[in-house]
Structures are given as structure tokens and as C-alpha cells.
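Notes follow the structure.
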């Protein structure tokens, strides 16, 4: 019956489903030569698939608009829910540029080609700022402009590519992982049972158990072998076909393309031989081939999973339930700012907050790496996931679950994992092009053997396709980086940039701040000397009120003298010099001598107090000195060991400080630092950094606002967690605890990581260079090739796991 074209119905609203189009909705697809307006990402996705698959006759001959509930797949309907702000509140955050950011769990990523495909397709979409996929963790970091593109649209594209993507949640991902492993076990079981059965039949066929007169029985056994092997090909090998078809649709080359070609070629040839009763059949090799491939993939997934869960395990420390002060039990992730909860001894804290009642000891080792519990009492800040010790405490929640310290740590770790170092990019490119080269070599191998020894051409080609699969090459770098980033977290080092491990290996010049870094930052006011009419209590009050507007460790020693209400309405903070404020038409200044004295000549009575050896903080009123303060700041216990270790490794150490030269020299002598610069402003520090030789790879360690420019300008920077927010945001790494020696351990880990990546790459490339000629010359059988490929991948992943020890 011939189909007669009719005039398409006039559609009001959405061209696909006919529903009204919301305001500010810009979804459209070109259908039948004209751009058609659509109401949502779901209709757009369906319409685009209809057009892409050349099925536009549907729109020509339909009589009614599509029923949305029937024509939109259920999975895409679910994706539309992710556009609701209330739902996004649980897993979407906003970065400094006001772009939306989400961590996705992606199912189906198997090789570097998958990573490349996802990143390539999403980068094409307007509004996508960043998309970075980690092959080891099966997670992706997506940053997008919500005013340009909806999250559901981006998730739909991933589903169209053949990948299941959803917001990362530790419990959900574990369930998905268990389901995936269960499916692999089912497929592995079918392949294993079939392999044993077909092998028994193959023994009878290949070892002349039957006489020539029993050809009919031999043919019967071939048909039995076909029926036993077919479920293996059609069910157990499905993961390989799915990945290969995804690659072919998008014109990319993945690891499963040569595997699928080998499987289908071997099966087709054996099927033909069975039907025609001519030639050899190798159903046992097909079954064994799939069994070993699945076994290798299964073991590889388990091993990679061990490396991937390290950072996510932090989230598991946060309890599922929390107890409100009223006694009501609620889900911890529903806690909002200002909620009040109680925590009993031995319980994990459900949220970040401030203790408003009680005192206890808190085990913060999961954050700082320090094994000793710390004392926390009223008004102290505590963090979700830490373990309450021996006291009952009541805390007031300071933020919701997605903004907790532990969530930020996991998010920043993921940022570091997805920012690929140069060596990872090179390895991914080699792996992608390597598959194309292998396919060409396999074709040449088949042509050669088909001409000279046709009965062996197929199986030699299959061995070439399988043996040289670049699985190990794709895993060489990401598994090592994942393991080392997890270990840095154990050490109390929060990595914020992806280049940290790579740069840490090259550091040859360490630049370190003094106050709050080499010293404890627990500055104590030792002596106050006054000049003029003001009393000690008065000068301390003025000093404290000025220092109220500073966030430097020095300001803390004046806090006990602050008034209940601020004395100064406005105070200027001149970074690196001091603070200045006006009251009663008088200008008060506190800070360095030259700053508070406005560069005037010192008076005799100031010279007599041995300026500036004993007093480093000065207070003036209208440029007249009224007081001087002597402060002390004890050295950190590990500072000297840190400096000595750097020097033993041949690394130059320079101390930069805003303090005067007398104090700086005293600390330098105590720590045996040969190079130091005193009285340094932030601009001076940055100038120093810019003037060091080009051969110096600098590591800056600091904690204050005045360190922010040099932290941002150094090749690599580490900020202390006790430092200012601007210092931590400028740094590549944040040291969560107080143990400076963790920095030394981090460098040792970075050097080990570099060595292991080199070992992995050497093994992966060396294995392929050795196995390729052996396979081409017919010295490697297909099942040996499968075992070799799987073992190669396992060696690379297991070698990377050594970094977790």
C-alpha cells in the first residue's frame, strides 16, 4: 500500500507535542526545512533524534501532535526534573563566576575514547564552560551557564551518546556499582559455563575421536557448539558491542571496536562453516575469548573502584540522620543554617557548625591527618564527619550539607582530578590514535595471511586485534593520579589544582612566610611601652579597636582589649604596613614604625629604647608615637626539621616577612635559613618572586592576606588552613592540619607518582611493541592474546595502587 502525503496539521504551541511554549524558552529544531519552536529539552531531544535518523516523514503524515507522555522516553522525563531549583539545591553549586557546577556519575565509561567523546560533544553545546571526565572514578565535573542551557538538555545529550549520567551521590553510586558488578557476574557465569561445555565438544572434534564415517555426528556436535556459544556472543559480549556501537555512531575509535570486530568475524566465519559443513569452527575460542575479556574487565573494575572510593569515602563519614535539640530525628542533608542539633559521645557530627553548649574532644583526623583529638568548647567551630569524643555538645548549624567543609574538600579534589596534566593528555591522544593504527595493521595482517595461508588468516587477525588493545595505556596515568590525590587527602593536604603533583616534583626553590607559617601564629603581647599622656589601658583599647579590622595573626593578641561596640566607624587596612582610623578628628595608626610615624625622624626617647630590636608594633595619634608593643611568636615544632630537609635535598630556601629585620634575622638564625628578606610588602614579595632566575621552580608557603599575590604568582603554592580565606583561595594546595612535614611527604609522594606513571607507560607501550610482532607472525593464539591484554591492564592498575600504601 502506497503512503499518500497529506498536509501536516497546523500545530499551535510546541511543534512536537502541541503544548504551550513557556516564556523565555528557546528550544527549536529544523524540521522539514523550517525552524520549529519546541516547549522543552525533552521535545527537542526527541525531535532531533527523529531528524537525525531521517524519520521526518512522521511529521509529514501525522494527524495529531505527539502525546508527550508516550513519545518522551521515561528516562528523559526524569531528566527534566533536574531543572527544578529545589531539586538542584541538593547537588548543584555556584562558583565564583556565578556559573553552575555539578559532579556527575557516568555509567559506561570504559576507555580514553569515551572520555574524549563526552568532552568533545558537550563542549559543542552553547553555555558549557567546562566538562572534564575522570576514567578511574567514572565521574565528570560539569560547569555551565544556566542562563544559556538547561542541565536536562546536557544530560539528554549524554544519554543520546549512550552514557547514563546523574548527579553524583555516594549511596546511589554504590548501588549502581553493585548492580553493574552483578550484571558482569551474570554475563561472566554464562560465558564460563558455555566455555566449559564447548571445550568438551571441541576435544571430541579436534582430537579425531570419531572416524571418517562419523561425519554426521561431527556435524551434529558443531551445531550443538553453535547453540551453546550463541548466548555468549549475544548476551555475555553485549558490553563490548554497546561501547563499540557508541564509538562508531560518533566516528571515534574506542578499545571495544577491535574487540567487537574480532568477535563478530570469528562467529560469522564459524557460523558459515557450520551451515555449509566446510572449514573449521572455533566456538570454544569465542566463548573462552569472551570469558577472559569479561574476567579481566571485572577484576579491573574492582581494582579501579578501590582507588576511586578514597575521596568519596569522606562523604560516608557524615551520618544519615541528625537529632534536633527538640529530640526529633531528621535527615542530615536536610539541615539548614541556624538549625540546632545535639551530638552524643561517639557520634559523627552531621553538619558544620558552632558549639553553643558543652565541651568535648573531636577527632578531626579525616580532615587534617592529625591522629590526636583536639579539645573543642563553646564558640568553637566544628565540622561534619568529625567524631565526637567524650562530651555531649549542642551545635548551631552554619551551612547546608552541600557547603560543608567535607563537601568542599571532595569537590576540590574532583577539580584536581579532572584537571589533566600534560602527560595524561599525551597518553590519551596516543591511545586514541593507536587503535586506528592497530585496525590498519590488522587489515594488512589478514590480507597477507589470506593470500599465503587462508585457513589461519582469521585467527591471526583476531589475535592482533585483541592483544594490542590499549587498555593499559589509557589507565596508566589516571589511576596513578587518583591514588596519589587520595593519599594527599589522608596527609591533610587539600589539592585544588591538577598540576600540583607534576610541579611538586620540579620544585627547587622554596619561599616561605614567617608569621603564622614558620611560627605558630599564636602571637602574645609581652610588653607595652607608652609615650605621652595616654594610659596603658587606653592605648591597648585604641590598638585593639584598630586591629579589629585586621585578619592577621598579630591582631589576635589585641582581641582581649576590644570594646563591646566598635570605636572606629571606618578603618583603612594598608596591607603590609598597618591600619589607620579617624575618631574625634584624630588620626590613629598602628603598624610599622615608618607607617605610624609617617616617615618622620625618630625622637630621642624612641632611640633610647633600642628601636626597633625589641618593639615591632607601634601606635600613633596624629603622627605622634604614643605606644610601642613587644610581641612574641614561638616557632612551630616542625619548622626546623622542614627547613633542614629542604636543604638536604638541595632545595634553596628563602624566608620573606613583613616584620623588621631584627626579628627576621633572629628567626632565620634559629632555623638556619641562609636567605631572608624583611620589611616586605605584598608588592615587594611579588617583585622578589618575579626576579628569581627562570630556572627556579618556586614553591610558596604562606597564610596571610599579604601572601595572596605571591601565592597566586608562584609555580606552586601552599596555604595553611589557619590562614586567611584569600590566601587559601589563591593557593594550589591547602594544608588542613599544622604538620608542616606533610609537605615533605607530599613531595616524596609526587616523585613516586611520577615514577609509577613512567613505569605504567613503559609497561603499556613495551607490552604492545613486543606482542604486536608476535601476534602478526601467528605466534600468539587468540585466547593467549586475551589473557595478555587483561593481565597488562591489571599490572598497570595494581602498580598504581601501590601509591595507597
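In the UniProt record's numbering, the protein residues as written are 1 to 805.
In this text, a Cβ means the ideal position worked out from N, Cα and C, and glycines have one as well.
Since the model is a prediction, treat every value here as computed from it, not as a measurement.
CB of residue i within 9 Å of CB of residue j, strictly
i, j, result
"residue 560", "residue 548", "no"
"residue 287", "residue 228", "yes"
"residue 289", "residue 266", "yes"
"residue 129", "residue 144", "yes"
"residue 163", "residue 108", "yes"
"residue 433", "residue 385", "no"
"residue 467", "residue 699", "no"
"residue 260", "residue 241", "yes"
"residue 562", "residue 544", "yes"
"residue 654", "residue 510", "yes"
"residue 263", "residue 295", "no"
"residue 733", "residue 497", "yes"
"residue 760", "residue 800", "yes"
"residue 330", "residue 394", "no"
"residue 343", "residue 396", "no"
"residue 678", "residue 703", "no"
"residue 335", "residue 236", "no"
"residue 546", "residue 493", "no"
"residue 350", "residue 360", "no"
"residue 362", "residue 379", "no"
Residue i burial status per 10 Å Cβ neighbour count (16 or more: buried)
i, result
"residue 518", "buried"
"residue 121", "buried"
"residue 123", "exposed"
"residue 584", "exposed"
"residue 787", "buried"
"residue 592", "buried"
"residue 769", "exposed"
"residue 31", "buried"
"residue 82", "buried"
"residue 862", "Because residue 862 is not part of the residues shown, which for the chain are 1 to 805, the question remains open."
"residue 576", "buried"
"residue 383", "buried"
"residue 407", "buried"
"residue 200", "exposed"
"residue 802", "exposed"
Endpoints, the alpha helix (DSSP H) within which residue i is located
i, result
"residue 639", "639-648"
"residue 595", "593-596"
"residue 688", "682-691"
"residue 392", "No alpha helix (DSSP H) holds residue 392; DSSP gives it neither H nor E."
Residue i versus residue j: straight-line alpha-carbon distance, rounded
i, j, result
"residue 333", "residue 398", "13 Å"
"residue 41", "residue 15", "13 Å"
"residue 596", "residue 719", "29 Å"
"residue 489", "residue 501", "13 Å"
"residue 375", "residue 318", "20 Å"
"residue 642", "residue 740", "7 Å"
"residue 454", "residue 243", "30 Å"
"residue 46", "residue 504", "49 Å"
"residue 352", "residue 325", "16 Å"
"residue 141", "residue 180", "22 Å"
"residue 499", "residue 745", "17 Å"
"residue 572", "residue 100", "35 Å"
"residue 448", "residue 216", "34 Å"
"residue 190", "residue 480", "33 Å"
"residue 461", "residue 711", "56 Å"
"residue 114", "residue 570", "57 Å"
Segment limits, beta strand (DSSP E) that includes residue i
i, result
"residue 37", "34-38"
"residue 698", "698-702"
"residue 753", "Run containing residue 753: none in the beta strand (DSSP E); it sits in the alpha helix (DSSP H), 741-776."
"residue 719", "716-720"
"residue 624", "624-632"
"residue 93", "92-94"
"residue 13", "No beta strand (DSSP E) holds residue 13; DSSP gives it neither H nor E."
Whole runs of the beta strand (DSSP E) within the UniProt domain "HMA" (100-166), excluding any shorter than 3 residues
100-107, 128-134, 139-144
Taking only runs that begin and end inside the segment 460-507, name each unbroken alpha helix (DSSP H) of 4 or more residues, in chain order.
471-490, 500-504
Length at least 3, wholly inside the segment 514-558: the beta strand (DSSP E) runs in chain order:
524-530
What runs of the beta strand (DSSP E), each 3 residues or longer, lie entirely inside the segment 322-388?
329-331, 340-343, 353-357, 360-363, 374-376
Unbroken stretches of the alpha helix (DSSP H), 4 residues or longer, contained in the segment 246-297:
256-276
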